[in-house]
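Each residue of the sequence shown is one higher than the one before, counting from 3 in the numbering used here. Reading through the structure tokens given below for one structure.
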Amino acid sequence: MQATKPSITFRTEPKHSDIAAIRLITAATGYFSADEVDVAIELIEDRLTKGNASEYVFIFAEVWGVVAGYASFGEIACTVGSYDLYWIAVHPDHQSAGIGRRLLGETERLIRAAGGRRIYVETSSRDQYKSTRDFYLRCGYEIDADQPDFYAPGDGKITLVKPIVD
């Protein structure tokens, strides 16, 4: 008997329940420190408080009505069409099912529709993040900058970029 493939839906309107979902997802991945999880929560709280006036845009991937992953992005101040992808995370129970790739694709589509020209992603140079960097490289991003010891000694910042073309 073949397993039922999960139905993935996307939404961009955040709900107050997303605070708990984001905390759960970011903590469960094992990649983010408690301080980083707190920053993720600050972004969703900013969006819930300010609505469309917030600089943070969210997209949520739901599987059978439960948030399985999310992304947060926004236009970089004082640029024309350059966007930062602040967060993209998928709960470990839903990883390796293509949700991250589909979530990234939906994010890119929304950025393109908003007039975006380029998307920037920042990540750590630590070995733990090799799979993250490889994910972006497989999705058409290129390494744009490597800043050694940015976050801490031995923990540099890798910036990746992807032009958005029609």
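Cβ coordinates follow ideal geometry from the N, Cα and C atoms, glycine included.
_What residue range does the beta strand (DSSP E) around I145 cover?_
Taking the first residue of the sequence shown as position 1, residue 145 is located at position 143. 144 to 154 is the extent of the beta strand (DSSP E) around I145.
*So, helix, strand or coil for I121, using DSSP?*
Taking the first residue of the sequence shown as 1, we reach residue 121 at position 119. It is a strand residue.
*Which residue's Cα is closest to the Cα of E144: I166, E38, C80?*
What you label residue 144 is simply residue 142 of the sequence shown in a count that begins at 1. Of the listed residues, the one whose Cα sits closest to E144 is I166.
*Keeping to the same chain, check which residues put their C-beta closer than 8 Å to that of M3; ignore five residues upstream and five downstream.*
If you number the sequence shown from 1, residue 3 lands on position 1. Note that M3 scores a pLDDT of 46, beneath 50, so its modelled location is shaky; the value from the coordinates is reported in the next line. Cβ neighbours of M3 beyond the five flanking positions: none.
*Are T125 and I160 close, meaning C-beta to C-beta below 7 Å?*
Taking the sequence shown and counting its residues from 1, the one referred to as residue 125 is at position 123. Taking the sequence shown and counting its residues from 1, the one referred to as residue 160 is at position 158. Closer than 7 Å, so yes.
*Which whole-angstrom value describes the C-beta separation of Y88 and G118, a residue pair presumed to lie in contact below a C-beta threshold of 8 Å?*
Position 86 of the sequence shown holds residue 88. Position 116 of the sequence shown holds residue 118. About 14 Å; that fails the 8 Å criterion.
*Roughly how many angstroms separate the alpha carbons of L183 and R13, rounded to a whole number?*
Because residue 183 is not part of the residues shown, which for the chain are 3 to 168, the question remains open.
*Is I21 near I46, with beta carbons less than 7 Å apart?*
Locating residue 21 in the sequence shown gives position 19, counting from the first residue. Locating residue 46 in the sequence shown gives position 44, counting from the first residue. For I21 and I46, yes; Cβs fall inside 7 Å.
_Going by the DSSP bridge assignment, what does F75 pair with across the sheet?_
Taking the sequence shown and counting its residues from 1, the one referred to as residue 75 is at position 73. Answer by DSSP bridge pairing, in chain order: V59, L87.
*Spatial neighbours of C141 in its chain, beta-carbon cut-off 7 Å, leaving aside the 5 residues before and after*: Indexing the sequence shown from 1 puts residue 141 at position 139. Here the set comprises R103, L106.
*Buried versus exposed call for P16 [16 or more other C-beta atoms within 10 Å across all chains shown]*: Sequence index remark: in the sequence shown, residue 16 carries index 14 (1-based). So P16 counts as buried.
*Closest by C-alpha distance to A154, when choosing among I24, S127, L162, A99*: The sequence position of residue 154 within the sequence shown is 152, counting from 1. The shortest Cα separation from A154 among I24, S127, L162, A99 belongs to S127.
*asked:* Just to confirm the assignment, what range does the alpha helix (DSSP H) spanning T31 have?
replied: Start at 1 with the first residue of the sequence shown, and residue 31 comes out as number 29. Taken as a continuous stretch (DSSP letters only), the alpha helix (DSSP H) holding T31 covers 19 to 31.
_Start and end residues, alpha helix (DSSP H) containing G107_ = Residue 107 sits at position 105 when you count from the first residue of the sequence shown. Taken as a continuous stretch (DSSP letters only), the alpha helix (DSSP H) holding G107 covers 101 to 115.
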